[in-house]
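First to last, the sequence lines map onto chains A and B.
Numbering of the first sequence is given in my numbering, commencing with residue 1 and proceeding in unit increments.
Numbering of the second sequence is given in my numbering, commencing with residue 1001 and proceeding in unit increments.
All residues carry an ideal CB built from backbone N, CA and C; glycine is no exception.
Every value quoted in this text rests on a predicted model; they were computed, and no experiment measured them.
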Amino acid sequence: MMTTRQRVAWGVILVLVMVWALFPVVSIFATSFKLPSELNIGTFWPKTWTTTNYEQILGPDGSARDLFLPALRNSIGISLISTAVAVVLATIAAYAIARLDFPGKRLVLTTALGVSIFPVISIVTPLFNVWRNIGLYDTWLGLIIPYLSLTLPISIWTLAAFFRQIPWELEQAAQVDGATSWQAFRKAIVPLAAPGVFTTALIAFFIAWNDFVYGISLTSTSAARPVPAALAFFTGASQFEEPTGAISAAAVVVTIPVVILVLLFQRQIVSGLTQGAVKG
Amino acid sequence: MASITLKDIVKKYGDGFPAVKGVSLDIKDGEFVILVGPSGCGKSTLLRMIVGLEDITSGDLYIGETRMNDRAPRDRKLAMVFQNYALYPHLTVFENIAFPLRLTKGQFSEDEIKRKVETAAATLELQDHLQRKPANLSGGQRQRVAMGRAIVRDADAFLFDEPLSNLDAKLRGQMRTEIARMQRRMGTTTVYVTHDQTEAMTLGDRVAVLRKGELQQVASPRGLYEQPVNLFVAGFIGSPPMNFVPGELDGDTLHLPFGDMPAPEAVRRSGGGSDGRRVLVVGIRPEHFEDASLLEEGKKDTGVTFEANVDVTEWLGSDLYAYVPFETNPDVAKTLEELDRDLDGEGLRTQLVVALSSESRVRDGDTATIWLDPAKAMVFDPESGENLTFDADAAKEIDAQNEVDRKASLERAHAREAAAAAS
């Protein structure tokens, strides 16, 4: 057990970290409820709570609605598709890496690592030119492909690590018990790998969801522009009014899916960390 | 129920390393056969080839009358217990045991599965744990669940891969008798891999000793103990292990480091070198020594006695182990060192282990008079390792007797089973 002093020390550290992490979120949350005219009066909380900003981005007559809603649709669609593709491909790849001995195994892993640490900004300009020439510029596919380059490597690495933890004997035992390879995979491996796959999917989704550089460079209209890029195009009601309120409201709206996902998969993520002991 | 026949089974790994070099073995229906050997001898590989988890490079594997080389594991109708049990952590004990039944897709109704699992659980005393997850069980319970999964379906044979190595000593002893009882009762052909020679000796109807992928000897435990074919088998079987000392053959006499003894008939016949002298390896089991002061007069004359400086003694209640250091002969030192390495030894000092009666008053540092029965000593050729005192007829007789005993005890088990079912 911890002594009282240790407990107090941990409490202080915890509070500091929470403030550090949550202050910007709370600040944006507060700002999103401020009147545009009251943005610069210097208080943290709004003087008069208002939903003007939300009406502006979501309401039927909102000025930023035509900018925000298509962007939200693009973001959800593109992120979900790139996550799904990344997880399916990474599951198969990671399973092979963890279970089979084949030439080029290390090459696959190091290439994945290389791709994931390659600076995004240096590839954007050439990609912009290529995409324009082959007609992928400003399309969903035009974003999904570069997103895969971000999500696949990390998915392969996390899943490979996860599959390596699952004892191979389980699969062999299932085969001896009368299962086909596919049954052994489905009944013995998938239930154990599910938490890992969920966790990986979540990470991949956030990477795609949060991207800004590809989003702003490879799109030009609301046909494919994702939310982080769309936020940059918000304008105030007049030249003298900052769009800060609307941007904050949009930021709050796009944070909601993330929170929902974490709450939804919380159990899987936690069990992914605790399950796995076979011998003990 | 089925016999298992191995014909010249060879396993070469991708890098060309030969793990199993042409093993032939006939396992009869209902027989309990042990594959034993030091680590890296290929025993687990052999088992995994039987069950189908490793490809067979060459040779033939028959289960019953069917050649099984290219069949998938699930088509071989074998049940296996893995070293780390390989329980499915996401399933309850009940579902773990029911797993093989559920895979048969509609062959069993839900009621039948329930009945079968409960019968298996009752055999292994797991009834109270059926709804628990493997993670919450003790090592012994997990081991029993793994066995439950094997016995729940009507497998042709059971395969065990070092099933007790993760248990502590006491539990290991209990599970050992449990496995023996279960096998006798069910009469199912069983192949059991272990590196532990106690398990090999106590469980097996027959024991196959492997060394570096080659079969050394297949015999009953008593056959291996009393009539080992070579130095390796002699050194591997028995605990504490057999003592190996250099013995110089001079006519009819063997000069040992601590005294002389008459050379056994077979050795005399094999003859010495050009000058009639030859250095051999003499193997004497610790229990073939005795404290001379405790022997009756008549018995003393049947053997040879010698004076020995006892270095250390260990009193175990039933026995007293005395350790006697001796100088080895350089001619056979290399053979003995190599043997020690093969047996996973540590290459420590050369010493005799002498098992004396626990009444003996010999203590550390004493000079004791030790008696030895030369008829029980074995003599080995240092080059080939061959046992020169091997008596093929005696070995055959021991194994024949063993086979009779096995059949009798199987019949008794079946009779008891029938009686229990009738009442």
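Have a look at the DSSP bridge pairing and note the partners of tyrosine 1062 of chain B.
Numbered from 1 along the second sequence, position 62 holds the residue referred to as residue 1062 of chain B. Its beta-bridge partners are B:Thr1005 and B:Arg1067.
Under 8 Å, Cβ to Cβ, is there at least one residue of chain B near leucine 273 of chain A?
To locate residue 273 of chain A, count along the first sequence from 1; it is residue 273. Since pLDDT at leucine 273 of chain A reaches only 48, below the 50 mark, its modelled position is unreliable, and no value is offered.
Beta carbon of alanine 98 of chain A nearer than 8 Å to that of leucine 152 of chain A:
Counting from 1 along the first sequence, the entry for residue 98 of chain A is found at position 98. Counting from 1 along the first sequence, the entry for residue 152 of chain A is found at position 152. No; because the gap between Cβ atoms is not below 8 Å, this pair is not in contact.
Report the residue from B:Lys1300, B:Ile1179, B:Thr1335 and B:Gly1052 whose alpha carbon sits nearest the alpha carbon of isoleucine 1151 of chain B.
Stepping through the second sequence from its first residue, residue 1151 of chain B is reached at position 151. Answer by Cα proximity: B:Ile1179.
Among B:Glu1314, B:Gly1251, B:Asp1291 and B:Val1218, which one has its Cα closest to the Cα of valine 1279 of chain B?
Position 279 of the second sequence, counting from 1, holds the residue named residue 1279 of chain B. Minimum Cα distance to valine 1279 of chain B is reached at B:Gly1251.
Close beta carbons around leucine 231 of chain A, own chain, < 6 Å, minus the five adjacent residues each side
As a position in the first sequence, residue 231 of chain A is number 231, starting the count at 1. Closer than 6 Å at the Cβ level, and outside the excluded window around leucine 231 of chain A, lie Ile247 and Ala250.
Three-state secondary structure (DSSP) of lysine 1407 of chain B
The sequence position of residue 1407 of chain B within the second sequence is 407, counting from 1. Helix.
Contact set between the stretch 137-160 of chain A and chain B, restricted to residues whose Cβ is under 7 Å from the partner:
none
Cα-Cα separation, glutamate 957 of chain B to aspartate 1291 of chain B
Only positions 1001 to 1423 of chain B appear in this structure, which leaves residue 957 of chain B out of reach.
Of the residues A:Ala84, A:Thr50 and A:Val120, the one placed nearest phenylalanine 212 of chain A, counting alpha carbons only
Stepping through the first sequence from its first residue, residue 212 of chain A is reached at position 212. Answer by Cα proximity: A:Val120.
Indicate whether at least one CB of chain A lies closer than 8 Å to the CB of asparagine 1084 of chain B.
Numbered from 1 along the second sequence, position 84 holds the residue referred to as residue 1084 of chain B. Yes, its Cβ sits closer than 8 Å to a Cβ of chain A.
Three-state class that DSSP yields for glutamine 1217 of chain B in the structure shown:
Within the second sequence, residue 1217 of chain B is the residue found at index 217, counting from 1. Note: glutamine 1217 of chain B maps to strand in three-state DSSP.
Rounded straight-line distance, which links the Cα of isoleucine 134 of chain A to that of valine 26 of chain A
Taking the first residue of the first sequence as 1, we reach residue 26 of chain A at position 26. Taking the first residue of the first sequence as 1, we reach residue 134 of chain A at position 134. If you take the alpha carbons of valine 26 of chain A and isoleucine 134 of chain A, they lie about 43 Å apart.
Report the CB separation of alanine 1355 of chain B from aspartate 1319 of chain B in whole angstroms; it is logged as a contact under 8 Å.
Position 355 of the second sequence holds residue 1355 of chain B. Position 319 of the second sequence holds residue 1319 of chain B. At roughly 5 Å, the Cβ-Cβ gap stays under 8 Å, so alanine 1355 of chain B and aspartate 1319 of chain B are in contact.
To test your reading of the DSSP string, which unbroken alpha helix (DSSP H) runs of 4 or more residues are found completely within the stretch 1228-1286 of chain B?
1231-1236 and 1265-1270
Just reading off the alpha helix (DSSP H) that glutamate 1054 of chain B is part of, what are its end residues?
Looking up residue 1054 of chain B in the second sequence gives position 54. Here glutamate 1054 of chain B belongs to no alpha helix (DSSP H), and DSSP marks it neither H nor E.
Just to confirm my understanding: we take glycine 1259 of chain B, look at its own chain, exclude 5 residues before and 5 after, and list those with CB closer than 7 Å. What are they?
As a position in the second sequence, residue 1259 of chain B is number 259, starting the count at 1. Val1304 and Phe1306.
For valine 259 of chain A, count the other beta carbons within 10 Å of its own beta carbon; 16 or more makes it buried, fewer makes it exposed. Which is it?
Locating residue 259 of chain A in the first sequence gives position 259, where the first residue counts as 1. Exposed is the call here.
Which term fits valine 1282 of chain B, buried or exposed, when burial requires 16 or more other beta carbons within 10 angstroms of its beta carbon?
Position 282 of the second sequence, counting from 1, holds the residue named residue 1282 of chain B. Valine 1282 of chain B is buried by the Cβ-count criterion.
N- and C-terminal bounds of the beta strand (DSSP E) containing arginine 1206 of chain B
Indexing the second sequence from 1 puts residue 1206 of chain B at position 206. That run of the beta strand (DSSP E) goes 1206-1211.
Minimum Cβ-Cβ distance from proline 195 of chain A to chain B less than 8 Å
Here residue 195 of chain A refers to the residue found at position 195 when the first sequence is read from its first residue. Not one chain B Cβ lies under 8 Å of proline 195 of chain A.
Enumerate, from N- to C-terminal direction, the unbroken alpha helix (DSSP H) stretches of 4 or more residues contained entirely within the stretch 63-102 of chain A.
65-99
Please check if any C-beta of chain B sits within less than 8 Å of the C-beta of arginine 164 of chain A.
Counting from one through the first sequence, the residue named residue 164 of chain A turns up at place 164. So no, arginine 164 of chain A is outside the interface.
So, helix, strand or coil for proline 1038 of chain B, using DSSP?
Within the second sequence, numbered from 1, the residue matching residue 1038 of chain B stands at position 38. Coil.
Output, in chain order, the set of chain B residues within a Cβ distance shorter than 9 Å of leucine 192 of chain A.
The residue given as residue 192 of chain A occupies position 192 in the first sequence. Under the 9 Å cutoff, chain B gives Tyr1088, Pro1089 and His1090.
Identity of the residues DSSP links to threonine 1367 of chain B by a beta bridge:
Along the second sequence, read from residue 1 onward, the residue named residue 1367 of chain B stands at position 367. Note: threonine 1367 of chain B sits in a beta bridge opposite B:Asn1309.
Whole angstroms is fine: what's the gap from glutamate 1397 of chain B's alpha carbon to glutamine 1141 of chain B's?
Residue numbering aside, residue 1397 of chain B sits at position 397 when the second sequence is read from its first letter. Residue numbering aside, residue 1141 of chain B sits at position 141 when the second sequence is read from its first letter. Approximately 41 Å, taken between the alpha carbons.
Assuming contact is defined by CB atoms lying nearer than 8 Å, are lysine 1011 of chain B and methionine 1049 of chain B in contact in what I supplied?
Counting from 1 along the second sequence, the entry for residue 1011 of chain B is found at position 11. Counting from 1 along the second sequence, the entry for residue 1049 of chain B is found at position 49. It is a contact, given that the beta carbons lie within the stated cut-off.
On the DSSP letters alone, give me the boundaries of the alpha helix (DSSP H) that aspartate 1015 of chain B sits inside.
Taking the first residue of the second sequence as 1, we reach residue 1015 of chain B at position 15. Aspartate 1015 of chain B -> no alpha helix (DSSP H), and no H or E assigned at all.
Residues within the stretch 1094-1106 of chain B neighbouring chain A, beta-carbon criterion of under 8 Å:
Phe1099, Pro1100, Leu1103 and Thr1104
What's the call for tyrosine 1013 of chain B, buried or exposed, on a 16-neighbour Cβ count within 10 Å?
In the second sequence, counting from the first residue as 1, residue 1013 of chain B sits at position 13. Classification of tyrosine 1013 of chain B: exposed, given that the 10 Å Cβ count is below 16.
Roughly how many angstroms separate the alpha carbons of serine 1358 of chain B and glutamate 1314 of chain B, rounded to a whole number?
As a position in the second sequence, residue 1358 of chain B is number 358, starting the count at 1. As a position in the second sequence, residue 1314 of chain B is number 314, starting the count at 1. Between serine 1358 of chain B and glutamate 1314 of chain B, the C-alpha separation is close to 10 Å.
Can you find the residues in the same chain that come closer than 7 Å, C-beta to C-beta, to serine 1039 of chain B, ignoring five residues on each side of it along the sequence?
As a first step, residue 1039 of chain B must be located in the second sequence, where it is residue number 39. Same-chain partners within the cutoff: His1195 and Asp1344.
Inter-residue spacing [alpha-carbon to alpha-carbon] between glycine 1016 of chain B and aspartate 1026 of chain B:
Looking up residue 1016 of chain B in the second sequence gives position 16. Looking up residue 1026 of chain B in the second sequence gives position 26. So the alpha carbons of these two residues sit roughly 27 Å apart.
For glycine 1139 of chain B, which residues in the same chain have their Cβ closer than 8 Å to its Cβ, ignoring the five residues on either side in sequence?
What you label residue 1139 of chain B is simply residue 139 of the second sequence in a count that begins at 1. If we look at glycine 1139 of chain B and ignore the five residues flanking it on each side, its Cβ neighbours are Asn1166, Leu1167, Asp1168 and Leu1171.
Residues near methionine 1147 of chain B by beta carbon distance below 7 Å, same chain, minus five either side:
Your numbering for residue 1147 of chain B matches position 147 in the second sequence. Once the five neighbours on either side are set aside, the close Cβ partners of methionine 1147 of chain B are Val1081 and Leu1124.
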